[in-house]
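Down below is the structure, laid out as structure tokens.
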Amino acid sequence: MFTENKKSNSNTFSQQNTIAQGTTFTGDLISEGDFRIEGIINGSLNTSGKVVIGKTGSVEGFLTCANADVEGKFKGTLNVSDTLNLRSSAYIDGEVQIGKLSVEPGATFNASCLMKGSVKELKNETKVDTSQNNSKSGQSA
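Sequential numbering of the sequence shown, starting at 1, is according to the working numbering.
What follows is the structure, encoded as structure tokens:
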């Protein structure tokens with residue numbers, strides 16, 4: 001009798017913002033959507049989405065996002081609430097606060113790093129060595 005018209009609100013922020021190669025942006029960007037950066041950003045970028053810094057991309061300043069893939073250059077303060085992926089061509093210099101980190105061989109990671117999130121407790125187990133050196137066991141008294 002009644003029909004529901006379900007339209008997803010997830011499409012609202014599914015568009016990707018792009019800073020193209022040859023573009024330089026100076027200032028503060030705030031968005032709910034994802035970003036792909038092939039140009040240059042000098043300033044701050046704050047998004048609840050994913051940020052991809054391409055091979056030709058460069059960000060200098062502050063970056064706050066949920067996830068980030070870096071192939072290009074970043075210098076400054078980086079806050080990633082979930083996962084930071086550094087590709088082999090990535091260059092990071094500054095302060096980094098992340099949930100998880102993935103680094104490909106060849107990436108440059110010159111930063112102080114604070115990993116946040118759930119802390120796993122390490123168990124301090126003591127192993128008892130029950131094997132003894134019985135070199136005298138074959139000798140009689």
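Idealized CB from N, CA, C, for every residue including glycine.
If you follow the beta strand (DSSP E) that Gln16 is in, where does it begin and where does it stop? 16 to 19
Thinking C-alpha only, which one of Phe25, Gly49, Gln15, Leu101 is nearest Gly61? Phe25
Can you give me the Cβ contacts of Ala68 inside the same chain, cut-off strictly under 6 Å, excluding the 5 residues immediately before and after it? Val51, Val80, Leu84
Among Ala90, Cys65, Asn17, the one whose alpha carbon lies nearest that of Ser58: Ala90
In this structure, does DSSP put Glu60 in helix, strand or coil? strand
Return the first residue and the last residue of the beta strand (DSSP E) that Lys75 is part of. 73 to 86
State the beta-bridge partners of Thr24 as determined by DSSP. Ile40
Where Leu114 falls, given that 16 or more other Cβ within 10 Å makes a residue buried: exposed
Do Gly27 and Gln15 come within 8 Å of each other at the CB atom, strictly closer than that value? no
Within the same chain, show all residues whose beta-carbon is closer than 7 Å to that of Gly54, passing over the 5 residues directly before and after it, in chain order. Arg36, Ile37, Glu38, Glu71, Gly72
Measuring only the C-alpha atoms, how far is Asn11 from Thr18? Low confidence applies here, because Asn11 scores a pLDDT of 46, under 50, leaving its location unreliable and the question unanswered by this model.
Neighbourhood of Arg160 by C-beta distance below 6 Å, restricted to the same chain and skipping five residues each side: Any property of residue 160 remains undetermined from this structure, which presents the chain solely from 1 to 141.
From this set, Thr77, Thr56, Asp82, which residue's C-alpha is nearest Gly49's C-alpha? Asp82
Let me know the secondary structure DSSP gives Ala90 once reduced to three states. coil
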